[in-house]
Structures are given as C-alpha cells and as structure tokens.
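Right, one structure below, let's go through it.
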Amino acid sequence: MNITSDILRGHTETIILKHLLANDSYGYEINKAIQEKTENQYELKEATLYSAFRRLESAGHIVSYWGDEQTGARRRYYSITNEGRAAYDKNRNAWEDAKLLIDTLI
Amino acid sequence: MNAKIRTYISRAFEDVPKTKKSIEMQEELITNLNEKYDDQIAAGKTEDEAFTLVVSGIGDLSELTEGLIERHVLSAPSLQQRKSSALFITIAVMLYIMSPMMVIIWSELFNKEVIGVILMFTLIAIATGLLVYNFNSRPKYIKESETMIEEFKEWKSAKDKNKSLFDALNSAFMLGVLIIYLYVSITYGWWLFSWIIFIIASAIKNIFKAIYDLVRYSNERP
Chain A
40 MNITSDILRG
50 HTETIILKHL
60 LANDSYGYEI
70 NKAIQEKTEN
80 QYELKEATLY
90 SAFRRLESAG
100 HIVSYWGDEQ
110 TGARRRYYSI
120 TNEGRAAYDK
130 NRNAWEDAKL
140 LIDTLI
Chain B
15 MNAKIRTYIS
25 RAFEDVPKTK
35 KSIEMQEELI
45 TNLNEKYDDQ
55 IAAGKTEDEA
65 FTLVVSGIGD
75 LSELTEGLIE
85 RHVLSAPSLQ
95 QRKSSALFIT
105 IAVMLYIMSP
115 MMVIIWSELF
125 NKEVIGVILM
135 FTLIAIATGL
145 LVYNFNSRPK
155 YIKESETMIE
165 EFKEWKSAKD
175 KNKSLFDALN
185 SAFMLGVLII
195 YLYVSITYGW
205 WLFSWIIFII
215 ASAIKNIFKA
225 IYDLVRYSNE
235 RP
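Residue numbers (the working numbering), protein chains in the order written: chain A, 40 to 145; chain B, 15 to 236.
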C-alpha cells in the first residue's frame, strides 16, 4: 500500500484537475469522489489536498470562489482554467508514457 | 458544527499570521471537515469516533501553514534609484534659485519684465514638476505579509509620502507668492497693502488642502 500511496501522491494535482474537468467542486466533495472511485482504498489527507489547491491556484491552473450557501458555512469552490486543462492533458500523456515504460521494466 | 474541529484547526494555525489568506484557509478547512464529520455521524458513528476519524485524516498541517508563514523580501530603493532621486531634487532646487534671476536679468538688461516673469514661473513649474515626479516615482513600501501591522505601515508610508508631496507643493507656492509680492511692490510701490497677498495665499492654500482631503476621504469611503 505504501508504494501505491507514494505514486498516487505524486499525481494529486492531476487527480484534482481531472475531477474539476467535469464541474466545479470543493475540497470534501473531491475527496469523497476519490474515495468512492477507489472503493474506499484511497483518500487524500486534508493537508495534502489543500496544499495541492494552493499550488494549483498559484500556478493559474485553477481559480477559487466562495459559494453562497443559504444554510450552513460557506464553501470554497474551485474551477479549472484553460491552463489547467492544458496541464491535465500534459500530465495524462506523461503518465501514459510512464505506464508503458514501467510495464516493460517490471 | 463541531466546536472541537474549529478548536483543533485554530490551534494548528496559532503561529500563522492572521492574514486574509490564512483566515480563509481555516474557514475552508473547518467547513469541509465539518461536512465529513456530519457524514460520519449520519453513517452511525458516535461523536468521538467521528472526531477521531476526521482528525486522523487531516495529516500534517505544517505543509499548509508553512506556505502562509513564508515572507516576501522587502525591497529597498536601489543605489541607482537614490542617485536619480538626488539628481531630481538638486535640479529642482537649482531651478528655484535661478527663477528670480530671470526677472532681474530680463528687466535690468533688456527692460522686458513680462518675459522675465514668464520665465520665472516656467522654471518654478518645471522644478515643482520634478519634485512631484520624484516623490511619486519613489518605490512604495512593499508588503512583507498581509497582516494588520503591514497594512498600517503601508498606510503610514502613503501618508508620509502625501505629506512630503504637500510640503513640496506648498513651498513652491509660497515662494511664488513671495516673488509676486516683491515684484509687484517694487514695480508699483504698493507696499502699503500688497502684504495682503500672504493672507489670500494662505486662504487659497487651505481651501485647496480642504478640497484635496475631502476628495480623498470620499474616495476612501465610497
């Protein structure tokens, strides 16, 4: 499990970008989606998730805005930018290449 | 809303400067963690179980807080900036000193006072322009971080700059008034009542200052 989470952690930003491709979202929703997709095998630590948001934001790959929830606390939503889409495509291609290489090597 | 989660996060952010960024970061974390907590309760966990689960999922928050503590470098005016600033001020002072000479030279040598006066005011205008440019082009106080103290320093630095700009304009204005006073008095011999120009000048100055303050005040508070 350790190797798996190490590899996954390296792709945190791409995982977030992938989720935001479909629609704007917020921290917990993204993490919940990750849990559901992996059938509870993987979940990001909040510290990892939110520092990834900050990095993506300062790189201009995502932008954030506060929601206007009528009840309860406000949520901070994230939205992918065109730069973010480009970064996602690039990262995805890089991952495809890496997958092929690793398959031949291991 | 679970108060324990709020307390936990506030503790973790204790050493972080209270900037807009860090406060929003905390708010975001608290909202999302509470939602997770509520889901756990809804799934049948006890409050303690849910809290433990939420907290253990947070991970190492120093990853986040360190990014907020990071400071930007304070930029001081470079040697070149200081040199050009000194040059501007020197030229401006020189122009001020030379300006009355224009009147003397033109009236004594060519008997054309009007040209002398026009040249004098042109020189004063150029000199004042240089001073104004110099004060405005000087680098402002650059934020080190967005704390209240930094905001106060920035506000104070803006205030000081306004003050030196005001002083420069004021001295130029009063010098101009003095020259008009001397010129008019000497040429026409109105010594008896020409001193009133100083009272008028100070009234004009105060009116301008009042208008300026008013405009700025209404700009600051829309």
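Note that beta-carbon positions come from the ideal geometry of N, C-alpha and C, so glycine has one too.
- At least one beta carbon of chain A lies nearer than 8 Å to the beta carbon of residue 72 of chain B.
- Judged by DSSP in its simplified three-state form, residue 30 of chain B adopts coil rather than helix or strand.
- Under DSSP, residue 209 of chain B takes part in no beta bridge, so it has no partner.
- Classified as buried, residue 50 of chain B has 16 or more neighbouring CB atoms from the shown chains inside 10 Å of its CB.
- The C-alpha of residue 74 of chain B lies about 13 Å from the C-alpha of residue 25 of chain B.
- Where residue 134 of chain A is concerned, the enclosing alpha helix (DSSP H) starts and stops at 121-144.
- For residue 120 of chain B, no beta strand (DSSP E) segment is defined; the enclosing uninterrupted segment is the alpha helix (DSSP H) at 93-123.
- Residue pairing from DSSP places residue 102 of chain A in a beta bridge opposite A:118.
- Scanning chain A for C-beta atoms nearer than 9 Å to the C-beta of residue 67 of chain B yields nothing, as the closest lies near 11 Å away.
- Looking only at B:17, B:82, B:124 and B:112, the smallest Cα-Cα distance to residue 34 of chain B is reached by B:82.
- By the C-beta density criterion, residue 140 of chain A is exposed, having fewer than 16 other C-beta atoms within 10 angstroms.
- Residues of the segment 67-97 of chain A whose Cβ lies closer than 7 Å to any Cβ of chain B, in chain order: 67, 82, 84, 85, 86, 87, 89, 90 and 93.
- Residue 62 of chain A: not part of any alpha helix (DSSP H); DSSP gives it neither H nor E.
- Look at residue 109 of chain A here: in three-state DSSP terms it is coil, with no helix or strand label.
- In the structure shown, residue 126 of chain B adopts coil according to DSSP, grouped into three states.
- Among the residues of the segment 24-52 of chain B, those with a Cβ less than 8 Å away from any Cβ of chain A are 38, 39, 41, 42, 43, 44, 45, 46, 47, 48, 49 and 50, in the order of the chain.
- Proximity of residue 75 of chain B to chain A, defined by a Cβ-Cβ separation below 8 Å, is satisfied.
- In chain order, 91, 94 and 95 place their CB closer than 7 Å to the CB of residue 52 of chain A, counting only its own chain and leaving out the 5 sequence neighbours on each side.
- Spatial neighbours of residue 126 of chain A in its own chain (CB-CB distance under 7 Å, excluding positions within 5 residues in sequence) are listed in chain order as 56 and 100.
- Non-local C-beta neighbours of residue 105 of chain A in its own chain, meaning closer than 8 Å and more than five positions away in sequence, comprise 113, 114, 115 and 116, ordered along the chain.
- Pairing residue 110 of chain B with residue 192 of chain B, the inter-Cα distance amounts to about 12 Å.
- Linking residue 127 of chain B to residue 93 of chain B through their CA atoms gives a straight-line distance of about 43 Å.
- About 6 Å separates the Cβ atoms of residue 81 of chain A and residue 73 of chain A, confirming a contact at the 8 Å cut-off.
- For residue 136 of chain B and residue 221 of chain B, the gap between their C-alpha atoms comes out near 24 Å.
- Per the C-alpha coordinates, the member of A:42, A:78, A:131 and A:143 positioned closest to residue 54 of chain A is A:131.
- In the structure shown, residue 72 of chain B adopts coil according to DSSP, grouped into three states.
- CA-to-CA, the gap between residue 211 of chain B and residue 184 of chain B works out to about 15 Å.
- The DSSP-derived three-state label of residue 74 of chain A is helix.
- Shown here for residue 129 of chain A: not one same chain residue has a beta carbon closer than 7 Å to its own, the five before and five after excluded.
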